[in-house]
Amino acid sequence: MRRICSLLSNLLILAALGGLLLLAVQGSGPLIPATSGAGMAIEGLAAPTEPGWSGGTPASDGPAPTLLEAVVLSAAAPLASATATPALLASLPITTAAIPRIALETAVVSAAFVERDGGTTWEVPAFKAGHAQHTAGAGERGNAVLLGHVSSRNAGNVFKDLDRVQGGDLVHVFSGERRFEYRVLDVRALPRTDLSSVHPTETATLSLITCTGLWLPTIWDYTERLVVRAELIDPPLP
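What the sequence shown shows, in numbering that gives the first Met the number 0, is residues 0 to 237, in sequence order.
Structure follows, in structure tokens:
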């Protein structure tokens with residue numbers, strides 16, 4: 000009986016240590032799972048088949064880059080394809096973002112669009128929000144995409160309260176000393192492989208994206224992405 004109790008005690012200790020390890024690294028990985036090889040690539044980046052957003056009119060043409068830190072395109076879709084439309088280049092980089100409702104004020108740096116594992120991806124910065132390269136700039140027509148982690152010991156939790164944002168909330172965006180006001184139109188959770196939130200738009204749109212849903216240790220990722228979609232209040236820059 001004593002041996003059985005000792006064995007059970009050891010098993011409980013191992014389980015507790017495993018849980019602590021999971022908490023230490025949970026959320027520190029990519030916002031979207033990495034895929035390897037051309038055979039695992041996102042197919043075509045076609046326009047989403049689901050109904051569009053309530054705000055932000057989808058652009059009629061122009062390619063969209065992939066979503067977040069580790070969605071990888073096929074080698075057959077070169078980096079140049081994501082930069083072919085000059086309108087996607089941010090002439091006014093976002094340097095600060097603030098949402099009064101959730102007391103968020105964070106520095107924003109560029110989230111580089113890089114080649115990796117035979118494809119292309121955005122690198123999400125640690126402890127700051129990342130302005131996705133080749134998306135619209137502050138106050139410009141198009142979709143300006145901000146990426147951030149929700150819970151990570153190694154990369155921070157800059158967007159940990161993003162789920163508290165509500166429709167009608169204001170988002171203050173700065174490019175240096177210039178300030179732009181956006182109003183939240185929609186907050187929703189999307190499957191982690193849904194790319195509709197980063198597609199270009201006709202209107203001046205802001206999309207803030209982080210992880211949400213269930214943590215799945217088997218794939219080392221969350222099941223969904225939380226997307227806050229906002230639209231510029233003032234007329235967009237020419």
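By construction, the Cβ of each residue, glycine as well, lies at the ideal position given by its N, Cα and C atoms. These figures come from a predicted structure and were not determined experimentally.
- In the DSSP assignment, Phe173 is bridged to Thr95 and Arg178.
- Rounded to the nearest whole angstrom, the C-alpha separation of Ala135 and Glu223 is 24 Å.
- A straight line joining the alpha-carbon of Pro237 with that of Ala203 spans about 11 Å.
- Under the three-state reduction of DSSP, Asp220 is assigned to strand.
- Between Glu230 and Arg182, the CB-CB gap stays under 8 Å.
- Within the same chain, Leu169, His171, Ile232 and Asp233 come within 7 Å of Glu180 by CB-CB distance, once the 5 residues on both sides are set aside.
- Per the DSSP secondary-structure output, Leu103 pairs in a beta bridge with Ile98.
- Asp162 sits in a helix when the DSSP states are folded into three classes.
- By the CB criterion at 8 Å, Ile98 and Val164 fall inside the cutoff.
- Counting C-beta atoms within 10 angstroms of its own C-beta, Pro124 has 16 or more neighbours from the protein chains shown and is therefore classed as buried.
- With a cutoff of 8 Å on beta-carbon distance, Asn142 and Pro199 are scored as near each other.
- By the criterion of a C-beta distance shorter than 6 Å, Thr209 is surrounded in its chain by Gly147, Val149, Phe158, Leu161 and Leu225, once the five residues flanking it on both sides are discounted.
- In the displayed model, Ser109 falls within a strand according to three-state DSSP.
- If you draw a 10 Å sphere on the C-beta of Val113, you find fewer than 16 other C-beta atoms in it, and that means exposed.
- In this structure, DSSP gives Val144 an extended state, which the three-state scheme calls strand.
- One thing to note: Val227 has its Cβ no nearer than 8 Å to the Cβ of Ala131.
- By the beta-carbon neighbour count (other beta carbons within 10 angstroms, threshold 16), Ala137 is buried.
- As DSSP reads the structure, Glu230 sits in a beta bridge with Arg182 and Thr204.
- Within the same chain, and ignoring the five residues on either side of Phe173 in sequence, the residues whose Cβ sits closer than 6 Å to its Cβ are Thr94 and Thr95.
- For the pair Leu205 and Glu139, the CB atoms are not nearer than the 8 Å cut-off.
- With fewer than 16 other Cβ atoms inside 10 Å of its own Cβ, Gly175 counts as exposed.
- Counting only the Cα atoms, Pro235 lies some 18 Å from Leu207.
- The straight-line gap separating the alpha-carbon atoms of Arg152 and Tyr221 is approximately 16 Å.
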